[in-house]
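Asks: First to last, the protein sequences are chains W and U.
Mapping the first sequence onto this note's numbering, position 1 (from 1) lands on 3, and the numbers just tick up by one.
Mapping the second sequence onto this note's numbering, position 70 (from 1) lands on 76, and the numbers just tick up by one.
Heads up, the beta-carbon is just placed ideally off N, CA and C, and yes, glycines get one too.
Values in this document were obtained by computation on a predicted structure and should not be read as measured data.
If you scroll down you'll find the structure; I have some questions about it.
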Amino acid sequence: MDLLSSLRISSSGLAAQRKRMEAHSSNIANAQTTRTAEGGPYRRKEVVFGSEPARETFSEILEGELSENAQTVHATEVVHSDKVVYKHDPSHPDANSEGYVAMPDINPMVEMANMIEAQRAYESNVTALNVTKQMATKTLEIGRGN
Amino acid sequence: MDVNDKTLKALTTALNFREMRQELISSNVANANTPGYKAKKMDFEEALARALDVDGQMQMNVKDERHHTVGNGGFNNLEPEIYDDPNGVVSENGNTVDVEAEMAKMAENKLMYDALVQLINKKMGIMKYAINSDK
Numbered sequence: 003m004d005l006l007s008s009l010r011i012s013s014s015g016l017a018a019q020r021k022r023m024e025a026h027s028s029n030i031a032n033a034q035t036t037r038t039a040e041g042g043p044y045r046r047k048e049v050v051f052g053s054e055p056a057r058e059t060f061s062e063i064l065e066g067e068l069s070e071n072a073q074t075v076h077a078t079e080v081v082h083s084d085k086v087v088y089k090h091d092p093s094h095p096d097a098n099s100e101g102y103v104a105m106p107d108i109n110p111m112v113e114m115a116n117m118i119e120a121q122r123a124y125e126s127n128v129t130a131l132n133v134t135k136q137m138a139t140k141t142l143e144i145g146r147g148n
Numbered sequence: 007m008d009v010n011d012k013t014l015k016a017l018t019t020a021l022n023f024r025e026m027r028q029e030l031i032s033s034n035v036a037n038a039n040t041p042g043y044k045a046k047k048m049d050f051e052e053a054l055a056r057a058l059d060v061d062g063q064m065q066m067n068v069k070d071e072r073h074h075t076v077g078n079g080g081f082n083n084l085e086p087e088i089y090d091d092p093n094g095v096v097s098e099n100g101n102t103v104d105v106e107a108e109m110a111k112m113a114e115n116k117l118m119y120d121a122l123v124q125l126i127n128k129k130m131g132i133m134k135y136a137i138n139s140d141k
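Listed below in structure tokens is the structure:
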């Protein structure tokens, strides 16, 4: 049934946007982090999306043309930025001999803008999911009350 | 009255196509941020109108049962047309999804879907009335 794969597609969108939200909140939270487990300052994270066909099983692919066209979305990879900015702060415990501290390359404004974009995208996926749900409920009304 | 008549066939076919369109719109909305994703569009109205053959202009005579019919009974061979939306605005990452337009399309699609379900119910109500009319 097509409505079920619509639900699957919308939920894949929700999961992908949530991953993106996680990356951006992690960036904001760690804007000042200079010590990480890997050593050095925190590296900025960015989630990259990719699409893949919504249907996987053989019979579903046989169903026709829609199989290649209706695509789910998933977070293909998390990219770590290698960029580090040096801030002059001799009083900082992690400052080098010249008084410079390696800080993460994070602009809170950019992160906030990205977060709002992720939020809106999340909301539109919720709307799509709800509409699909209403359609499925409506289908159950066929033949009722005649 | 033929129980398995054209109207009911047309309604169920349309219902099926609306479900497919919902799937395509969901796919476009979910991939609104995917780099390089192209928004998809689907047309079925024309094919459905041809199958319905409202004005009788496109009726073909079928002499062999292996021939495809265009008029009555043509519903089984209907294929919707799916293509990349040519009107999409390309963003810097190559994505052409217009989320607002997709939401509007989805609202319309849902309304039409509900209307179709209502029409099917009406049709069934009429048939039931005919069956029970001697009581």
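Since I believe Q136 of chain W is in contact with S33 of chain U (beta carbons under 8 Å), could you give me their beta-carbon distance rounded to a whole number of angstroms?
Replies: The sequence position of residue 33 of chain U within the second sequence is 27, counting from 1. The sequence position of residue 136 of chain W within the first sequence is 134, counting from 1. Not quite, the Cβ-Cβ distance comes to about 18 Å (not below 8 Å), so this is no contact.
Asks: Residue range of the beta strand (DSSP E) that Q73 of chain W falls in?
Replies: Residue numbering aside, residue 73 of chain W sits at position 71 when the first sequence is read from its first letter. Segment 73-82, the beta strand (DSSP E) holding Q73 of chain W.
Asks: By the criterion of Cβ-Cβ separation under 9 Å, what are the contact partners of P41 of chain U in chain W?
Replies: Mapped onto the second sequence, residue 41 of chain U falls at position 35. By Cβ distance, chain W contributes V50, F51, G52.
Asks: To which residues does DSSP link H94 of chain W through a beta bridge?
Replies: In the first sequence, the residue the question calls residue 94 of chain W occupies position 92. Paired residues: none, contrary to the question.
Asks: When the Cα atoms are used, what is the spatial distance from A53 of chain U to F81 of chain U?
Replies: Locating residue 53 of chain U in the second sequence gives position 47, counting from the first residue. Locating residue 81 of chain U in the second sequence gives position 75, counting from the first residue. Near 9 Å, if we compare the C-alpha coordinates of F81 of chain U and A53 of chain U.
Asks: Here's a check: name, in chain order, each residue in its chain whose Cβ is nearer than 6 Å to the Cβ of R22 of chain W, leaving out the five neighbours to either side.
Replies: Here residue 22 of chain W refers to the residue found at position 20 of the first sequence. Closer than 6 Å at Cβ, skipping near neighbours: V49, A120.
Asks: Rounded to the nearest angstrom, what separates N116 of chain W and Y135 of chain U at their Cα positions?
Replies: Here residue 116 of chain W is taken as the residue at index 114 of the first sequence, counted from 1. Here residue 135 of chain U is taken as the residue at index 129 of the second sequence, counted from 1. Answer to the nearest angstrom: the Cα atoms are 58 Å apart.
Asks: Buried or exposed: G79 of chain U, going by 16 or more other Cβ atoms within 10 Å of its Cβ?
Replies: As a working note, residue 79 of chain U is residue 73 in the second sequence. In this prediction, G79 of chain U has a pLDDT of 49, which is less than 50 and means its spatial position is unreliable; what the coordinates show is noted afterwards. With fewer than 16 other Cβ atoms within 10 Å, it is exposed.
Asks: Within the continuous beta strand (DSSP E) that includes G52 of chain W, where are the two ends?
Replies: Taking the first residue of the first sequence as 1, we reach residue 52 of chain W at position 50. 47-55 is the span of the beta strand (DSSP E), which, as asked, contains G52 of chain W.
Asks: Does the CB of L14 of chain U have a neighbour CB from chain W at under 8 Å?
Replies: On the second sequence, residue 14 of chain U is found 8 positions in, with the first residue counted as 1. It does not: the Cβ of L14 of chain U has no partner Cβ on chain W nearer than 8 Å.
Asks: Which residues in chain U sit within 7 Å of T129 of chain W, going by Cβ to Cβ distance?
Replies: On the first sequence, residue 129 of chain W is found 127 positions in, with the first residue counted as 1. By Cβ distance, chain U contributes M109.
Asks: Where do the ends of the beta strand (DSSP E) carrying Y3 of chain U lie?
Replies: An answer regarding residue 3 of chain U cannot be provided, because it is not within the stretch 7 to 141 covered by chain U.
Asks: Mark N101 of chain U as exposed unless 16 or more other C-beta atoms lie within 10 angstroms of its C-beta, in which case mark it buried.
Replies: Reading the second sequence from its first residue, position 95 is the one you call residue 101 of chain U. Buried, since its Cβ has 16 or more Cβ neighbours within 10 Å.
Asks: Could you tell me which residues DSSP puts in a beta bridge with A104 of chain W?
Replies: Position 102 of the first sequence holds residue 104 of chain W. Its beta-bridge partners are W:Y88.
Asks: Have a look at the DSSP bridge pairing and note the partners of M48 of chain U.
Replies: The residue you call residue 48 of chain U lines up with position 42 of the second sequence. U:I88, per the DSSP bridge assignment.
Asks: Which chain W residues sit within Cβ distance under 8 Å of L84 of chain U?
Replies: Within the second sequence, residue 84 of chain U is the residue found at index 78, counting from 1. The contacting residues do not exist; L84 of chain U stays about 11 Å from chain W at best.
Asks: Just verifying my parser: in three-state terms, what is the DSSP assignment at D140 of chain U?
Replies: Taking the second sequence and counting its residues from 1, one reaches residue 140 of chain U at position 134. Coil at D140 of chain U, not helix or strand.
Asks: With a threshold of 8 Å between beta-carbons, can Q136 of chain W be considered close to chain U, or not?
Replies: Counting from 1 along the first sequence, the entry for residue 136 of chain W is found at position 134. At least one chain U Cβ lies under 8 Å of Q136 of chain W.
Asks: Suppose you measure from the CA of P95 of chain W to the CA of V103 of chain W; what does that come to, to the nearest Å?
Replies: Taking the first residue of the first sequence as 1, we reach residue 95 of chain W at position 93. Taking the first residue of the first sequence as 1, we reach residue 103 of chain W at position 101. Near 9 Å, if we compare the C-alpha coordinates of V103 of chain W and P95 of chain W.
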